[in-house]
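Number of protein chains: 2
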Amino acid sequence: MTTRDPRATALARLAALVADETRATCLLALLDRRAWTAGELARHAGVAASTLSEHLGRLVAGGLLTEERQGRHRYVRLADARVAQLVEDLAAQVAPDRAARPRNLRESSAGSALARGRTCYDHLAGRLGIAVTDALTDRGLLVQETGFALTDAGLAWFEAAGIGLDRRGRRPLARACLDWTERRPHLAGVAGAALCRHALEAGWCVRIGSERAVKVTAAGERAMSDLLGVAPAALR
Amino acid sequence: MTTRDPRATALARLAALVADETRATCLLALLDRRAWTAGELARHAGVAASTLSEHLGRLVAGGLLTEERQGRHRYVRLADARVAQLVEDLAAQVAPDRAARPRNLRESSAGSALARGRTCYDHLAGRLGIAVTDALTDRGLLVQETGFALTDAGLAWFEAAGIGLDRRGRRPLARACLDWTERRPHLAGVAGAALCRHALEAGWCVRIGSERAVKVTAAGERAMSDLLGVAPAALR
DNA sequence: CGGACACTTCGGCGACGGCCGAAGGGTCCG
DNA sequence: CGGACCCTTCGGCCGTCGCCGAAGTGTCCG
Chain A
1 MTTRDPRATA
11 LARLAALVAD
21 ETRATCLLAL
31 LDRRAWTAGE
41 LARHAGVAAS
51 TLSEHLGRLV
61 AGGLLTEERQ
71 GRHRYVRLAD
81 ARVAQLVEDL
91 AAQVAPDRAA
101 RPRNLRESSA
111 GSALARGRTC
121 YDHLAGRLGI
131 AVTDALTDRG
141 LLVQETGFAL
151 TDAGLAWFEA
161 AGIGLDRRGR
171 RPLARACLDW
181 TERRPHLAGV
191 AGAALCRHAL
201 EAGWCVRIGS
211 ERAVKVTAAG
221 ERAMSDLLGV
231 APAALR
Chain B
1 MTTRDPRATA
11 LARLAALVAD
21 ETRATCLLAL
31 LDRRAWTAGE
41 LARHAGVAAS
51 TLSEHLGRLV
61 AGGLLTEERQ
71 GRHRYVRLAD
81 ARVAQLVEDL
91 AAQVAPDRAA
101 RPRNLRESSA
111 GSALARGRTC
121 YDHLAGRLGI
131 AVTDALTDRG
141 LLVQETGFAL
151 TDAGLAWFEA
161 AGIGLDRRGR
171 RPLARACLDW
181 TERRPHLAGV
191 AGAALCRHAL
201 EAGWCVRIGS
211 ERAVKVTAAG
221 ERAMSDLLGV
231 APAALR
C-alpha cells in the first residue's frame, strides 16, 4: 500500500467544487467580475435558494469565492484573478469546438453583442479583445509567436498612453487568455486588466445592459485608431 | 427558469473526472509521461484492479487519457500536452503553499533527487529546470518580466544548438509552468519539450530510477556551462 | 411595530458513484 | 494443453451529494 499523495487529495477537492453543474453555472456567471447576490444566482441557475446557499457555502469555504454581507444580501464574487484564470482555462479546455458555429437567429442576435465585445473577468474579450491584441502585435508591442509577452516598445506604449502597470504583484504582466467565441488568445494579466480599466474610464467603451457586453464609443474608435491603428470596421 | 449554459455542463463533467482522489492520484502519476499499466496504477493508488479499471474507462472516455492495448496489458498515458498542462495548472493552484518547507529527514532525502531535477510531463523541472530557465533569461534568450516568450536571440540559440523547434502546431512555443518544489515558473511548451528531449538524447541528463527524476551528467554540466553559463553548483 | 424580503438551517428523499470480491475472457508461456 | 497472469464485467453495499420545502433568523421599510 502506498501512502496517498496529499496533492491528490487537494486536487480532487478543488475539482469537486467545479464538478457540479449548478456550481459551474455560478462560476461562469461570476466571470463577469460583478458581485452577485445569492438570489440572483439561484434564479440564474434555476434552483431553490436553499440549494444555492449550500453551494455558496462550499465555494467560499474552498476559497473560490469571497463574500460580502450587506444587510440582508449576501454578495459573492470570484476570489481573485487566479481563480478567474482557472475557470477560464477549464472552460477553454472544454469548449474548444462548439464556437464559431452559427446558431438559430434568436440566439445569434442575442449573442452578437457579447461576441462583438465583452469583458472576461477584468480584461477585454470577444472581437474587441482580439482586435486590440492583434493591433498590439502588428505594431510590435506584443509578441505572440514565441510565447506571449510585451516588448520594450509595448511597455513604452502603455507608459505613453498613461496606462499604469502595477508590476509589484506576482500576477504576470501579460498572459494569454483563450477566447471562447473567437478561439484565439487575447491579452490578459496586469496589462490586459489595466487596458480594460482605462478603456472604460476614458470612455472608449461603455457597458451595455447588465451583462458583461461592452460597446465601443465613437471616441473609442478614434482613440484606438490613433493609438493602435485599429480599423473601426474590425470592431463591428 | 433559465436554460442551462451548455458550457456549465461540459465544465462540470470535465471537473468531475478529476474530482476523485483515486483518479487524481493516477493523473499526477501520469505526469511522468510514461505509459502505466492498469495494474501499476491500481497498486500505486491502493485500490482493487476492478475499481481502477472503471476509473480508467471514465478517464479515457472523457478524453484525458489514451490507451494502447498490448497483449494482456492495458497501457494508458495522458492524452496530450494540453491535458498535462491542465493537470499541472490545477495542481499548482492547489499546492502553492506547502512547498519549500523542510520536512523530516527521510522525506527530504527521498525527495531530494526529485527536487534537484526531474521531468514535468515533457520538459525539465525542479532546480534543474529553474536553473536552465534562469540562465536563458539572464542571457537575454527568454523574457519573463513582461510575459513569457523567447526572444529573437533565443530562437537563434536553439537554432545554433541544433535543437529544432516545430512551430507548426497550435501548441505555444514557450509557456510558463509553475514548479511545485521551487514555486517559480520554468520553461514549458514546444521549446521546453525540445530542450528536454535534446538534453536526454545528447546525454546531458540521464533518468535515474524508474521515477521521473533526472541527473545531470559531467558532459551535461560542461554543455550547460558552455552554452548557457550555468554554474555547475546551481545544478546540485 | 408588523410585514415583506433575503438568506440559512434542517429533515428527508432519491440518485449517483466508488468500492469490493467473484466470475469470466483474453493472452502469454512452459 | 494447462496454468498463471492481466484485465473487465457484474452484483451489491454504502456513503456522499444535490435537491426540495418548511421553518427559523436577521434586515429593511412603511
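Those sequence lines, one after another, are chains A and B. Letter by letter, the first sequence follows residues 1 to 236 in the numbering used here. Letter by letter, the second sequence follows residues 1 to 236 in the numbering used here. No residue lacks a Cβ here, since even glycine has one placed at the ideal position from N, Cα and C.
Annotation: B/V94 is outside any beta strand (DSSP E); the continuous alpha helix (DSSP H) that includes it extends over 81-94. B/F158 has a beta carbon lying at 7 Å or more from every beta carbon in chain A. Apart from sequence neighbours up to five positions away, the residues of its chain that approach B/A213 with a beta-carbon distance below 6 Å are A113, L114, R118, ordered along the chain. At least one C-beta of chain B is nearer than 7 Å to the C-beta of A/E21.
Against A/P172, the close residues of chain B are G147, F148, A176, in the order they occur along the chain (beta-carbon pairs closer than 8 Å). In this structure, the straight-line span from the alpha carbon of B/D166 to that of A/A199 is close to 37 Å. In the structure shown, the three-state DSSP call for A/V60 is helix. Note that the C-beta distance between B/L28 and A/D5 is below 7 Å. Contacts with chain B at 7 Å (Cβ-Cβ) include A/R7. For a Cβ distance threshold of 8 Å, residue set L14, R82, L86 of chain B lies close to A/Q93, ordered along the chain.
Take the alpha-carbon of A/T217 and the one of B/Q93: they are about 38 Å apart.
One Cα belongs to B/R236, the other to B/R116, and the distance between them is close to 7 Å.
Going by DSSP, B/P6 is part of the alpha helix (DSSP H) stretching over 6-18. Against chain B, the CB of A/D138 has no partner CB under 7 Å away; the residue lies outside that interface. Counting only runs of 3 or more residues that sit fully inside the stretch 120-164 of chain B, the beta strand (DSSP E) segments are 123-125, 147-150, in chain order. For the stretch 19-49 of chain A, residues whose beta-carbon sits nearer than 9 Å to a beta-carbon of chain B comprise A19, D20, E21, T22, R23, A24, T25, C26, L27, L28, A29, R43, H44, A45, G46. Short of 6 Å from the beta carbon of B/P185, and not among the five residues preceding or following it, lie these beta carbons of its own chain, in chain order: A176, L178.
Judged by DSSP secondary structure, A/V214 falls within the beta strand (DSSP E) whose first and last residues are 214-216. Look at A/L64: its C-beta is not under 7 Å from any C-beta on chain B.
The beta-bridge partner set that DSSP reports for B/H73 consists of B/Q70. When Cβ-Cβ separations below 7 Å define contact, B/V190 makes no contact with chain A. Straight-line measurement puts the Cα of A/E182 at about 32 Å from the Cα of B/W180. In the structure shown, A/R118 falls within a strand segment according to DSSP collapsed to helix, strand and coil. Judged by beta-carbon spacing, B/D122 lies within the 7 Å limit of B/R33, meaning their Cβ atoms are closer than that value. Measuring C-alpha to C-alpha distances from B/R127 to each of B/A233, B/A174, B/R7, B/V18 identifies B/A233 as the nearest. Boundaries of the alpha helix (DSSP H) around A/R43: 38-45. Beta-bridge partners assigned by DSSP to B/A188: B/R175. Using a 10 angstroms sphere on the CB of B/D138, the tally of other CB atoms stays under 16, which defines it as exposed. Shown here, A/R207 sits in a strand according to DSSP, grouped into three states. Closest in alpha carbon position to A/G162, among A/L227, A/V87, A/L86, is A/L227. DSSP places B/E21 in the uninterrupted alpha helix (DSSP H) bounded by 21-30.
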